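What follows is one structure encoded as structure tokens, with my remarks underneath.
Number of protein chains: 2
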Amino acid sequence: MGIETLNTEEITIKDIAKVCGVGVSTVSRAINNHPDISPKTKQKIADAIEEYGYIPNNSARNLRRIDGKCIAVVVKGVSNPLFADAVQIMEEEIKKRKYSMVIRYVNFDEQEVDVAIELAKEKKLAGVVFLGGYFVREKKKLQKLRIPFVLSTAGANVDNISAEEYSVFCVDDEKEGYRMTDYLIRLGHKKIAVLSGMPDDASIGKLRLKGYKRALKEHGIAVDEDLILHMKRDIRFYSMENGYQMTQELLTGRKEFTCIFAFSDAMAIGACRAIADAGKKVPDDYSVAGFDGIEMGDYYNPQLTTIKQPIHEIAMESVTMLFEILDKKSENVRRIFSCELLERESTRHRKVL
Amino acid sequence: MGIETLNTEEITIKDIAKVCGVGVSTVSRAINNHPDISPKTKQKIADAIEEYGYIPNNSARNLRRIDGKCIAVVVKGVSNPLFADAVQIMEEEIKKRKYSMVIRYVNFDEQEVDVAIELAKEKKLAGVVFLGGYFVREKKKLQKLRIPFVLSTAGANVDNISAEEYSVFCVDDEKEGYRMTDYLIRLGHKKIAVLSGMPDDASIGKLRLKGYKRALKEHGIAVDEDLILHMKRDIRFYSMENGYQMTQELLTGRKEFTCIFAFSDAMAIGACRAIADAGKKVPDDYSVAGFDGIEMGDYYNPQLTTIKQPIHEIAMESVTMLFEILDKKSENVRRIFSCELLERESTRHRKVL
DNA sequence: ATTGTTTTCTGAAACGTTTCCGGTAACGTT
DNA sequence: AACGTTACCGGAAACGTTTCAGAAAACAAT
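Chain order of the listed sequences is A and B. Everything in the first sequence is counted per the numbering used here, starting at 109 for the first residue and increasing by one. Everything in the second sequence is counted per the numbering used here, starting at 109 for the first residue and increasing by one.
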């Protein structure tokens, strides 16, 4: 059915134009929902596109377009299950708006902003979502990134990320760190070890730690720096493996502790494994608490006590807001999401001696 | 240092050419390691590129290039931890060869081949890796995909994927299904429930099931179809949730069983959770075995007995071979990788009544 | 009929590369 | 000195699309 005289290898916008008896620019306008077009021709073009299975070449589009319809998601930390969820949601939202998404994972020692700048050069991006990055002393670089961006699950109260300068979507890490520590103390724990971030962590890890210390202080418990472990640089950060190693150190050390507060669920799981390998039990011998609220926490044995971040909402809001900024419908905003403390099996009242 | 008279917004190949006093095509040749160029000018150009931080625009390259230096990875099944590992390795290998990678996840009800074809239209791909797909009755479509491709972790013995027609990298699912079942039987289990694939599964699930049945038969155990569960369509397949649901059905049903063989580690973990929620214990009350050998299996409580797929090698080989095919250095090959049965805590000898 | 206004469309110029084809320079050989 | 060969290089044409400036058509108002 229809005109079958097209035997070209790949069918282009020109073919569609020819078939419809219109100019190439008309087809373009039809595709991109530009105003200056009659419903009739628009329909005709739509039909032809359907019939011939035409798909616009993305490279050509992005090359010419004034605003590349592509947004980049730069994720700090590969294979973080929390982010995996977020990325998925973002992808859906981005696709829904007919944008394409490019994702890049960066290690702890890479500068996410640099990565974004490079990406912008080679791709022509409309905007960037930074997921889980650290943005201390990055102001200048962020300015070099001329396109709109949002900071998602970035530390909320870090010195340099202030006020309405940027769009930030995250939880109050200090408060949540406090909340969990307070909970653990109320369970009777006094010697609470912490599996925290990088030694020179300047973002979420630092904030959660601040909350931890505040809680101890408020309860009149001295902070013991020996109980604050920092993760190893050479291992994937916030990973099970990292948690495992730190916990092993803890267990073989001479410092007493009854409880571990890990700054990610993955590390908490690593901790549980290390404890089990040492012939001990969670929560009988040690209580273990995590942070994030990943799906695995539900399934793990014991079920993980944790701070559940509303990652779905954070992801959703982040891209929604990015698009509003792109549409000039909105200014920068900062939204702090509150978390939920899930009391589950991995923590319990401290055993009385 | 250097000529600082370039105040253009974005610096292009023309700028580099101008700065170096050479033609644009010379710069292009220098970048792409084409032969006709003297070491001296090549160096000069390299220096200029370095100095000005020039990054070629990818859209323009892909538009013009005869062979798009991009390979697509089409993954059947989102958020499968096994594939996450594989994807990461592939990305490294692809980047190492100066190619870019585009990844697309497809659901069970989407045709991965169609997705690849569409992708090829909009991107100009050099090749495709299909990860974990099903390729029954897809011969014709695969031919429409004019570019080279490899099938990674696709069912090895499926009827239609025969001989040297395609490049296939996978494990022998029938054999491994047999191996695990045989092991479980030797532990004394006779009533082994199976958490298998989709009802109309035509690939790995079907093959593993075949191995399962063969093992039973060889041991003189009758196959009980009621113990063969198929996963739900409306839930992410091979997921913890799916395993959980199936196990719940099993537990609330009236069929007796002493052991569960799940066709993925994730489903096995779901099974463990369901058993725990029912107040039972693994492996005391039920043995549970998985398939895949994901990292989580090491950390889970109990540690999962499973069939460990050499996913790193599979991923590595898959892209290595794809590149060899691209370079015309190699014909299609089929490599079957053998797995390792990890005997761990989630299985044990059947309790005597 | 003329003019103005709005709607719809078109041709051509970009976008930044790669690739083709041919040209010049350098060198060796007679 | 003339020629052939090789090694480098440059100009310009693509690639397939969007965008821009303005043309044509359609309609309305005088």
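Backbone N, C-alpha and C define an ideal beta-carbon position, used for all residues, glycine too. Quantities reported herein were computed from a predicted structural model and do not represent experimental measurements.
Other residues of its chain near I402 of chain A: CB distance less than 6 Å, five sequence neighbours each side excluded = If you number the first sequence from 1, residue 402 of chain A lands on position 294. If we look at I402 of chain A and ignore the five residues flanking it on each side, its Cβ neighbours are P189, L190 and D373.
ask   = Does the beta carbon of M404 of chain A come closer than 8 Å to any beta carbon on chain B?
value = Walking along the first sequence from the start, residue 404 of chain A turns up at place 296. It does: the Cβ of M404 of chain A has a partner Cβ on chain B nearer than 8 Å.
message = Can you pull the chain B neighbours of F291 of chain A, defined as C-beta to C-beta under 7 Å?
response = Position 183 of the first sequence, counting from 1, holds the residue named residue 291 of chain A. Note that residue 291 of chain A corresponds to Tyr in the displayed sequence, not to Phe. Going along chain B, no residue has its Cβ under 7 Å from Y291 of chain A, so there is no contact; the nearest lies around 23 Å.
key: Nearest residue (CA-CA) to I312 of chain B, options B:T360, B:K318, B:K283 and B:G263   = As a position in the second sequence, residue 312 of chain B is number 204, starting the count at 1. For the residues B:T360, B:K318, B:K283 and B:G263, the minimum Cα distance to I312 of chain B belongs to B:G263.
inquiry  = Which residues of the segment 426-442 of chain A have a Cβ closer than 9 Å to any Cβ of chain B? Give them in chain order.
reply    = For the segment 426-442 of chain A, which is checked against every Cβ of chain B, not one residue is closer than 9 Å.
ask   = C128 of chain B CB to nearest chain A CB: under 8 Å?
value = Here residue 128 of chain B refers to the residue found at position 20 when the second sequence is read from its first residue. It does not: the Cβ of C128 of chain B has no partner Cβ on chain A nearer than 8 Å.
query = Do C278 of chain B and S304 of chain B come within 8 Å of each other at the CB atom, strictly closer than that value?
reply = What you label residue 304 of chain B is simply residue 196 of the second sequence in a count that begins at 1. What you label residue 278 of chain B is simply residue 170 of the second sequence in a count that begins at 1. No, the pair does not count as a contact, with Cβ atoms beyond the cut-off.
task = Determine, using beta carbons only, whether E229 of chain A comes closer than 8 Å to chain B.
result = Residue numbering aside, residue 229 of chain A sits at position 121 when the first sequence is read from its first letter. The sequence given here places Lys at residue 229 of chain A; Glu does not occur at that position. Taking Cβ atoms only, chain B reaches closer than 8 Å to K229 of chain A, which makes this a yes.
message = Based on DSSP bridge pairs, tell me the residues matched to K229 of chain B.
response = One-based indexing of the second sequence puts residue 229 of chain B at position 121. K229 of chain B is not bridged to any residue.
key: According to DSSP, residues forming a beta bridge with F216 of chain A   = Taking the first residue of the first sequence as position 1, residue 216 of chain A is located at position 108. BP columns for F216 of chain A are empty, so no partner.
query = So which residues of chain B does C380 of chain A contact, with C-beta pairs closer than 8 Å?
reply = As a first step, residue 380 of chain A is located in the first sequence; it is residue number 272 there, counting from the start. Correct list: Y407 and N409.
Secondary structure of V135 of chain B, DSSP reduced to three states = If you number the second sequence from 1, residue 135 of chain B lands on position 27. In the three-state reduction of the DSSP assignment, V135 of chain B falls in the helix class, which pools H, G and I.
query = Is D400 of chain B helix, strand or coil when you go by DSSP?
reply = Position 292 of the second sequence, counted from the first residue, corresponds to residue 400 of chain B. D400 of chain B falls in the strand class under three-state DSSP.
message = Taking CB distances under 8 Å as the criterion, tell me whether E357 of chain A reaches chain B.
response = Here residue 357 of chain A refers to the residue found at position 249 when the first sequence is read from its first residue. No, E357 of chain A does not count as interfacial toward chain B.
CB contact flag (G241 of chain B, E282 of chain B, <8 Å) = For this step, residue 241 of chain B is matched to residue 133 along the second sequence. For this step, residue 282 of chain B is matched to residue 174 along the second sequence. Going by C-beta atoms, G241 of chain B is not nearer than 8 Å to E282 of chain B.
task = Taking only the alpha-carbon atoms, compute the straight-line gap between N115 of chain A and L317 of chain B and give it to the nearest angstrom.
result = Within the first sequence, residue 115 of chain A is the residue found at index 7, counting from 1. Within the second sequence, residue 317 of chain B is the residue found at index 209, counting from 1. Confidence is the limiting factor: at N115 of chain A the pLDDT is only 38, short of 50, which leaves the residue's position unreliable, though a coordinate-based value still follows. Roughly 46 Å separates the two Cα atoms.
request  = Assign I174 of chain B to one of two classes, buried (16 or more other C-beta atoms within 10 Å of its C-beta) or exposed (fewer than that).
outcome  = Residue 174 of chain B sits at position 66 when you count from the first residue of the second sequence. Exposed, because fewer than 16 other Cβ atoms sit within 10 Å of the Cβ of I174 of chain B.
Reference A423 of chain B, options B:E158, B:D392, B:V195 and B:K389, closest by Cα = Against the second sequence, residue 423 of chain B aligns to sequence position 315. The residue with the shortest Cα to Cα distance from A423 of chain B is B:V195.
ask   = Going along the chain, which residues of the segment 333-361 of chain B sit with their C-beta nearer than 7 Å to a C-beta in chain A?
value = M348
ask   = Does the Cβ of P256 of chain B have 16 or more other Cβ atoms within 10 Å, making it buried, or fewer, making it exposed?
value = Walking along the second sequence from the start, residue 256 of chain B turns up at place 148. Result: buried.
key: 8 Å Cβ shell around T120 of chain B - same chain, five flanking residues per side excluded   = Start at 1 with the first residue of the second sequence, and residue 120 of chain B comes out as number 12. These residues qualify, in order along the chain: Y162 and N165.
ask   = Using the C-alpha atoms, what's the distance from I415 of chain A back to S426 of chain A?
value = In the first sequence, residue 426 of chain A corresponds to position 318, counting from 1. In the first sequence, residue 415 of chain A corresponds to position 307, counting from 1. The alpha-carbon atoms of S426 of chain A and I415 of chain A are separated by roughly 20 Å.
key: Contact between the segment 443-456 of chain B and the segment 213-230 of chain B (3+ Cβ pairs under 8 Å)   = Short answer: they don't touch.
task = Taking only runs that begin and end inside the segment 360-409 of chain B, name each unbroken alpha helix (DSSP H) of 4 or more residues, in chain order.
result = 373-385 and 404-407
inquiry  = Against chain B, which members of the segment 152-164 of chain A pass a CB distance test of less than 7 Å?
reply    = Taking 7 Å as the Cβ-Cβ cut-off against chain B, the residues of the segment 152-164 of chain A that qualify are I163 and P164.
Burial state of E349 of chain B, where buried means 16 or more other Cβ atoms lie within 10 Å = Position 241 of the second sequence holds residue 349 of chain B. Buried, by the Cβ-count rule.
key: Nearest to I157 of chain A (by Cα), restricted to the options A:S167, A:V127 and A:Y407   = Sequence index remark: in the first sequence, residue 157 of chain A carries index 49 (1-based). Per the C-alpha coordinates, the member of A:S167, A:V127 and A:Y407 positioned closest to I157 of chain A is A:V127.
query = For the candidate residues A:K148, A:Y291 and A:I419, whose alpha-carbon lies nearest to that of F445 of chain A?
reply = Here the question's residue 445 of chain A lines up with position 337 in the first sequence. Looking at the Cα atoms, A:I419 is the closest of the given residues.
request  = Can you check DSSP and say which residues form a bridge with E439 of chain B?
outcome  = By 1-based counting over the second sequence, the position of residue 439 of chain B is 331. E439 of chain B is not bridged to any residue.
task = Could you say which of B:E421, B:P143, B:A180 and B:D332 lies nearest to K203 of chain B if we only look at CA atoms?
result = Within the second sequence, numbered from 1, the residue matching residue 203 of chain B stands at position 95. The shortest C-alpha separation from K203 of chain B is found at B:A180.
Bounding residues of the alpha helix (DSSP H) (the contiguous stretch that carries C178 of chain B) = If you number the second sequence from 1, residue 178 of chain B lands on position 70. Premise fails: C178 of chain B lies in the beta strand (DSSP E), C178 to K184, not in any alpha helix (DSSP H).
task = Alpha carbon to alpha carbon, how far is L434 of chain A from G235 of chain A? Give it in angstroms, no decimals.
result = The count along the first sequence starts at 1 and reaches residue 235 of chain A at position 127. The count along the first sequence starts at 1 and reaches residue 434 of chain A at position 326. Taking the straight line from one Cα to the other gives about 8 Å.
query = Taking all protein chains shown into account, do 16 or more other C-beta atoms lie within 10 angstroms of the C-beta of G361 of chain B, making it buried, or fewer, making it exposed?
reply = Position 253 of the second sequence, counted from the first residue, corresponds to residue 361 of chain B. Classification for G361 of chain B: exposed.
C-alpha distance - Q417 of chain A paired with R341 of chain B, whole-angstrom precision = Translated into positions along the first sequence, residue 417 of chain A becomes position 309. Translated into positions along the second sequence, residue 341 of chain B becomes position 233. Distance between the alpha carbons of Q417 of chain A and R341 of chain B: 28 Å.
ask   = Name the residues in the segment 212-224 of chain A whose C-beta lies less than 8 Å from a C-beta of chain B; which are they?
value = Taking 8 Å as the Cβ-Cβ cut-off against chain B, none of the residues of the segment 212-224 of chain A qualify.
Residues near L324 of chain A in its chain [Cβ-Cβ closer than 6 Å; skip 5 each side] = In the first sequence, residue 324 of chain A corresponds to position 216, counting from 1. Result list for L324 of chain A: V331, in chain order.
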